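I have placed the structure first, in the form of structure tokens, so that the comments after it can refer back to it.
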Amino acid sequence: MAKKGLSDPDFFGTQKISKILLKTAPPVMLAQLIQALYNIVDSFFVGRYSDEALTALSVIYPIQLIIIALAVGTGVGVNTYMARKFAQGKPKDADEAGGTGMLLELITWLTFTILAVALMKPYVMTSAKSPKAIANAVTYGNIVCIGSVGAFLEGNWTKVLQSRGDMRLPMIAQIAGAVTNILFDPLLIFGIGLFPEMGVAGAAYATVLGQIVAAVITGSKGFCKIPEIKKLSHYIKMIYRYGYPSIFMQLLYTVYIVALNVILAGFSDSAVTVLGLYYKAQSLFFIPLFGLQTCIVPVLSYNYANKSYRRCRDLMNFSCLISAVFMIVGIVFFVFFPEALMSVFSKSEEVMQIGSVAFPIIGSSFLPAVISLTMPVFFQAIGYGRTSLMLSLTRQVFCLIPIFRIFAEFGLNYTWFAYPISEVISGTIGLIIYFSVLKKWKKETNKSLSQKSTTE
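For the sequence shown, position 60 (counting from the first letter as 1) is numbered 47 according to this note's numbering, and the numbering increases by one without interruption.
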């Protein structure tokens, strides 16, 4: 399929960086805002249903992150590879990669679902102690895992569309999915009208319905035929070459939340709830950062393939600056209004007491997080997968978990300092490597200019 709109051959390579991001980022940010509403709306209504049910959502949150990691991470690989093929003028190869991505998503969904359902209860029991919270978490987890086929397919089709420059249809799909979720949440949780009271199961069914709606809409234009079997191995290799850093980054995100939940469970279920509420509230303020990251991947990949290094650098500078401005807003809310954020979801006195200490401390990490989160995306987009993975490992595994565990020995209130410390360490390492790459690019550019001058 020929590229249209924003993805015409010259747009990513010649237009001003600010113009590219102003055209591509707002729809992505709005779509991600809508996506964030899935968990936020669930938590809002479930919190009104019972405290045990709210704890259940916090426990299952890492499982939902695994779904996102596998679905969106594979989609990122498809996106990046398709952008490169478009830059090389090979739209057929790009579309065949999109079809391969769809097949991979279906296989991943089936494999993940079988394993998740088999291991659900043992996992839940590591992060929850109350029998009622455990039962609610198992119920919610099983439903969202079995029904996640919509999330997997939408993860591929959205990235196919974005690689072509179509940011509008994914936005519409996310809005439609969120509206579906919002409408069915109260109906199924509390049992309104003809609908039976289903409690936490109702929240899970509403989430699944919303994901399926989004998948149907993106699939209407994002669907690509699966290529011949003999070509699959090549496309699978390329998709995972570009996508595995994103998959592992998200999986590490899940690993460290599970690890932190286990540590916090040693204090109380309320401490686990606070961490879950933090990530739900945080998602609203991280949307500009994550939205820009989504947009810069195909642009970086396109310009790097064309050796337009100056544009890659300018793109990084502009996106980091814009992200920092938005993150300052998040800092203000988390540092000065933590109770207001938590009260949206919970009225528990213990939750409020723990969160009033945790939120301001974690909020102070938002500014260095701009660097620590953007650098892995940069290296992923230019094909430095190992560097991207190393930075993610440093941030989430080598720093955050050990520091969190050590500080837990001094008391719950000290554990939260692991966040700003980890962001500063990993961000500094990322910047050092980034500047070394810029230096390498500068030498390559000067050498090319010198050779050109000699030839003339």
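We treat Cβ as the ideally placed atom computed from N, Cα and C, and that holds for glycine.
All of these numbers come straight from a predicted model, not from anything done at the bench.
Please determine, among M303, P275, I274, G278, the residue with the shortest C-alpha to C-alpha distance to S288.
By one-based count along the sequence shown, residue 288 stands at place 301. Taking only the C-alpha atoms, the option nearest S288 is M303.
Please identify the residue among I53, S255, E83, A23 whose C-alpha is closest to the C-alpha of F210.
Here residue 210 refers to the residue found at position 223 when the sequence shown is read from its first residue. With distances taken between Cα atoms, F210 lies closest to E83.
Just the C-alpha distance for S207 and I121, rounded to the nearest angstrom, thanks.
Locating residue 207 in the sequence shown gives position 220, where the first residue counts as 1. Locating residue 121 in the sequence shown gives position 134, where the first residue counts as 1. S207 and I121: Cα-Cα distance of roughly 39 angstroms.
Whole angstroms are fine: how far does the CA of R71 sit from the CA of I223?
Indexing the sequence shown from 1 puts residue 223 at position 236. Indexing the sequence shown from 1 puts residue 71 at position 84. Taking the straight line joining both Cα atoms gives about 15 angstroms.
Buried or exposed for K430, please, with buried defined as at least 16 other CB atoms from any protein chain shown within 10 angstroms of its CB.
On the sequence shown, position 443 is the one that residue 430 refers to. K430 should be labelled exposed.
I need the boundaries of the alpha helix (DSSP H) containing I176, first residue and last residue.
Position 189 of the sequence shown holds residue 176. Counting along the chain, I176 falls outside any alpha helix (DSSP H), and DSSP gives it neither H nor E.
Helix, strand or coil for C211 per DSSP?
By 1-based counting over the sequence shown, the position of residue 211 is 224. Note: C211 maps to coil in three-state DSSP.
Closer than 8 angstroms by C-beta to G180: which residues in its own chain qualify, once you throw out the five before and the five after it? Chain order, please.
Position 193 of the sequence shown, counted from the first residue, corresponds to residue 180. Counting only Cβ-Cβ distances below 8 angstroms, and skipping sequence neighbours, we find L174.
Exposed or buried, which one is K(-9) when buried takes at least 16 other CB atoms within 10 Å?
Position 4 of the sequence shown, counting from 1, holds the residue named residue -9. Confidence is the limiting factor: at K(-9) the pLDDT is only 43, short of 50, which leaves the residue's position unreliable, though a coordinate-based value still follows. It is exposed - the Cβ of K(-9) has fewer than 16 other Cβ atoms within 10 Å.
Is there contact here, the stretch 5 to 18 with the stretch 80 to 95, by at least three beta-carbon pairs under 8 angstroms?
They do not touch, by the three-pair rule.
How far does the alpha helix (DSSP H) with F394 in it reach, from first residue to last?
Working through the sequence shown from its first residue, we reach residue 394 at position 407. From DSSP, the alpha helix (DSSP H) with F394 extends over 388 to 395.
Quick check on N293: does DSSP put it in helix, strand or coil?
For the purposes of this step, residue 293 is taken as residue 306 along the sequence shown, with counting starting at 1. Coil.
DSSP on A56, reduced to helix/strand/coil?
Within the sequence shown, numbered from 1, the residue matching residue 56 stands at position 69. If DSSP states are grouped into helix, strand and coil, A56 belongs with the helices.
Could you spell out where the alpha helix (DSSP H) holding R151 opens and where it closes?
As a first step, residue 151 is located in the sequence shown; it is residue number 164 there, counting from the start. Careful: R151 lies outside any alpha helix (DSSP H) and carries neither H nor E.
So what's L181 in DSSP terms, helix, strand or just coil?
The residue given as residue 181 occupies position 194 in the sequence shown. If DSSP states are grouped into helix, strand and coil, L181 belongs with coil.
Does the stretch 314 to 327 come close enough to the stretch 341 to 356 that 3 or more CB-CB pairs lie under 8 angstroms?
Yes, they touch.
Taking the alpha helix (DSSP H) that W96 belongs to, which residues open and close that run?
Taking the first residue of the sequence shown as position 1, residue 96 is located at position 109. Unbroken alpha helix (DSSP H) run through W96: 78 to 114.
Can G342 and V261 be called in contact, C-beta distance under 8 angstroms?
For this step, residue 342 is matched to residue 355 along the sequence shown. For this step, residue 261 is matched to residue 274 along the sequence shown. Yes, the Cβ-Cβ distance between G342 and V261 is below 8 angstroms.
Taking Cβ to Cβ, would you say F305 is nearer than 8 angstroms to S117?
Here residue 305 refers to the residue found at position 318 when the sequence shown is read from its first residue. Here residue 117 refers to the residue found at position 130 when the sequence shown is read from its first residue. It is not a contact, given that the beta carbons lie outside the stated cut-off.
Check the C-beta distance from K334 over to I27 and give it rounded, since I have them as a contact under 8 angstroms.
What you label residue 334 is simply residue 347 of the sequence shown in a count that begins at 1. What you label residue 27 is simply residue 40 of the sequence shown in a count that begins at 1. Incorrect: roughly 17 angstroms between the Cβ atoms, too far for contact.
Can you list, in chain order, the residues of its chain with a C-beta nearer than 7 angstroms to that of L251? Leave out the 5 residues immediately preceding and following it.
Sequence index remark: in the sequence shown, residue 251 carries index 264 (1-based). The answer, listed in chain order, is A258, V259, L262.
Return the CA-CA distance between G189 and I133, expressed in angstroms with no decimal places.
Taking the first residue of the sequence shown as position 1, residue 189 is located at position 202. Taking the first residue of the sequence shown as position 1, residue 133 is located at position 146. About 14 angstroms.
Take S330 and list the residues in its own chain whose beta-carbon comes closer than 8 angstroms to its own, dropping the five residues that flank it on each side.
The sequence position of residue 330 within the sequence shown is 343, counting from 1. So the qualifying residues of the chain are M339.
Run the CB neighbour count on S(-6), radius 10 Å, all protein chains shown included, and call it buried at 16 or more, exposed below.
For this step, residue -6 is matched to residue 7 along the sequence shown. The predicted position of S(-6) is uncertain, since its pLDDT is 47 and thus under 50; a value taken from the coordinates is nonetheless stated next. Classification of S(-6): buried, given that the 10 Å Cβ count is 16 or more.
By Cβ distance, which residues of its chain are closer than 8 angstroms to L418, with the 5 residues on each side in sequence left out?
Counting from 1 along the sequence shown, the entry for residue 418 is found at position 431. Hits under 8 angstroms: I358, M362.
Below 8 angstroms on the Cβ atoms is my guess for Y127 versus A191; work out the distance and round it to an integer in Å.
As a first step, residue 127 must be located in the sequence shown, where it is residue number 140. As a first step, residue 191 must be located in the sequence shown, where it is residue number 204. That pair is a contact at about 5 angstroms.
Quick check: the Cα distance between I408 and A56, rounded to an integer number of angstroms?
Counted from its first residue, the sequence shown places residue 408 at position 421. Counted from its first residue, the sequence shown places residue 56 at position 69. When rounded, the distance between both Cα atoms is 25 angstroms.
Give the range of the alpha helix (DSSP H) segment to which G370 is assigned.
To locate residue 370, count along the sequence shown from 1; it is residue 383. Where G370 is concerned, there is no enclosing alpha helix (DSSP H), given that its DSSP letter is neither H nor E.
So within the stretch 397 to 424, which uninterrupted beta strand (DSSP E) runs reach at least 3 residues, ignoring any that extend past its ends?
Runs found: none.
Which two residues bound the contiguous alpha helix (DSSP H) that contains L224?
As a first step, residue 224 is located in the sequence shown; it is residue number 237 there, counting from the start. Residue identity differs from the one stated: residue 224 is Lys in this sequence, not Leu. Element bounds for K224: 216 to 252.
Does DSSP put G137 in a helix, in a strand, or in coil?
Translated into positions along the sequence shown, residue 137 becomes position 150. Helix, per DSSP.
Would you mind giving the Cβ-Cβ distance between T402 and F391, rounded to the nearest angstrom? I have them listed as a contact below 8 angstroms.
Here residue 402 is taken as the residue at index 415 of the sequence shown, counted from 1. Here residue 391 is taken as the residue at index 404 of the sequence shown, counted from 1. That pair is a contact at about 5 angstroms.
Residues in its own chain within less than 7 angstroms of E326 by CB, not counting five upstream and five downstream?
Locating residue 326 in the sequence shown gives position 339, counting from the first residue. The answer, listed in chain order, is M339, S343.
Counting pairs of beta carbons, one from the stretch 281 to 300 and one from the stretch 27 to 47, are three or more of them closer than 8 angstroms?
No, because fewer than three Cβ pairs between the stretch 281 to 300 and the stretch 27 to 47 fall closer than 8 angstroms, the two stretches do not touch.
Could you tell me if the beta carbon of S257 falls within a distance shorter than 7 angstroms of some heavy atom in the ligand SAH?
Only the bare structure without any ligand can be found here, which leaves the ligand SAH out of the picture.
Skipping 5 residues on each side, what residues in its chain have a beta carbon closer than 7 angstroms to that of K119?
The residue labelled residue 119 in the question sits at position 132 within the sequence shown. These residues qualify, in order along the chain: E39.
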